[in-house]
Ligand SMILES: C[S@@+](CC[C@H](N)C(=O)[O-])C[C@H]1O[C@@H](n2cnc3c(N)ncnc32)[C@H](O)[C@@H]1O
């Protein structure tokens, strides 16, 4: 969830007049020279630059490519290609939304995670690349590709964690739980689109309150932003990710306390719990785990070098002992 670094902090206000100028130029259909891809990129970049966005040309290129349904290399290769009226209207619409700080993934309604395409909805977090750290950590500890592992994903959102794991372990099955019907529905739709619906179930619930049984891996990426800091998040996050996907209570740790209390009855004897954590939360979350009889198996850093994931197991299991020796 640490989007600030990835998206950049745009210390700007939206400049609607910038998008209106570009929009009207792009829509021009008065017999004069038609707009080309290159001209559209230049105009969009100028609007983004004047609104204070960093790397305006790179952003403009992505925006134009996305609006026209082209790849980045096609946009590079055919700068002189004409943009028709529909394409110009889409570019104008996308630009207006980007200038209002809507992330491009939200504009497009999809996000790639673990090499898979996930649909987004207003009920789901926009999955972040650093959450792949959790996927990596779990796969490394569930090494048998064809074993029927049982997985549980708490706070599944659009299902990205569970479905990424199921895509790599073809005999595994899993349950995803979210507190909103919209998220559970979105996750289910993603499971269908990815061909994983037969091995996944999605439920609406309050963390694991209604879940019984034992799982080889319980995973979670709970909301972990302290309530008081949400107002200072970048607008791309604060205004577009659902509040319940961000708000971790007064100290950011409320969800961990609830989830971890249920783990002793949910984790199989040689099973594990893997969770994403916020920057600097490692010690506090480890203490919550220890209080419920779970021992740290490993910490994992994301690509930015931030401690992003904790893996824990029931204390005293053979795997933990091996790890500590
Ligand atoms: C940070 S988002 C993670 C979404 C997804 N797993 C991901 O990694 O992108 C946290 C998710 O927890 C869900 N959530 C919040 N409170 C919950 C609760 N009490 N029970 C179940 N899910 C909850 C939110 O709706 C949200 O989808």
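Residue numbers (this note's numbering): 1 to 325.
C-beta: ideal position from N, C-alpha, C; glycine also.
Through-space distance from residue j to residue i, alpha-carbon basis
| i | j | result |
| --- | --- | --- |
| residue 202 | residue 173 | 11 Å |
| residue 58 | residue 45 | 8 Å |
| residue 131 | residue 245 | 14 Å |
| residue 266 | residue 153 | 12 Å |
| residue 313 | residue 272 | 5 Å |
| residue 223 | residue 233 | 14 Å |
| residue 147 | residue 286 | 29 Å |
| residue 86 | residue 108 | 16 Å |
| residue 214 | residue 200 | 16 Å |
| residue 161 | residue 74 | 32 Å |
| residue 81 | residue 67 | 14 Å |
Whole-number beta carbon distance between residue j and residue i, since they are thought to touch under 8 Å
| i | j | result |
| --- | --- | --- |
| residue 315 | residue 293 | 5 Å |
| residue 119 | residue 189 | 6 Å |
Simplified DSSP assignment, three categories, for residue i
| i | result |
| --- | --- |
| residue 269 | strand |
| residue 220 | strand |
| residue 144 | coil |
| residue 57 | helix |
| residue 73 | helix |
| residue 230 | helix |
| residue 176 | strand |
| residue 209 | coil |
| residue 94 | helix |
| residue 121 | coil |
| residue 181 | helix |
Nearest neighbour of residue i, chosen from the options [CA to CA]
| i | options | result |
| --- | --- | --- |
| residue 156 | 56, 38 and 175 | 175 |
| residue 306 | 166, 296, 276 and 218 | 276 |
| residue 251 | 236, 269, 230 and 234 | 230 |
| residue 49 | 98, 216 and 73 | 98 |
| residue 84 | 72, 190, 64 and 101 | 64 |
| residue 121 | 137, 151 and 159 | 159 |
| residue 140 | 297, 53 and 304 | 297 |
| residue 218 | 110, 73, 100 and 274 | 274 |
| residue 210 | 108, 270, 237 and 178 | 178 |
| residue 91 | 62, 51 and 280 | 62 |
| residue 227 | 248, 110, 197 and 129 | 248 |
| residue 235 | 71, 96, 102 and 74 | 102 |
| residue 43 | 129, 95, 191 and 71 | 95 |
Close-in-space but distant-in-sequence residues of the same chain around residue i (CB under 7 Å, 5 per side omitted)
| i | result |
| --- | --- |
| residue 123 | 180, 182, 183, 186 and 242 |
| residue 149 | 142, 169, 172, 216 and 217 |
| residue 194 | 116, 163 and 167 |
| residue 317 | 269 and 270 |
| residue 56 | 45, 48 and 49 |
Residues of its chain near residue i, where Cβ-Cβ distance is below 8 Å and the 5 sequence neighbours each way are ignored
| i | result |
| --- | --- |
| residue 79 | 36, 37, 38 and 41 |
| residue 288 | 253, 256, 257 and 260 |
| residue 72 | 61, 62 and 65 |
Cβ neighbours of residue i in the same chain (closer than 6 Å, five flanking residues each side left out)
| i | result |
| --- | --- |
| residue 133 | 300, 302, 308 and 309 |
| residue 125 | 157, 241 and 245 |
| residue 262 | 208 |
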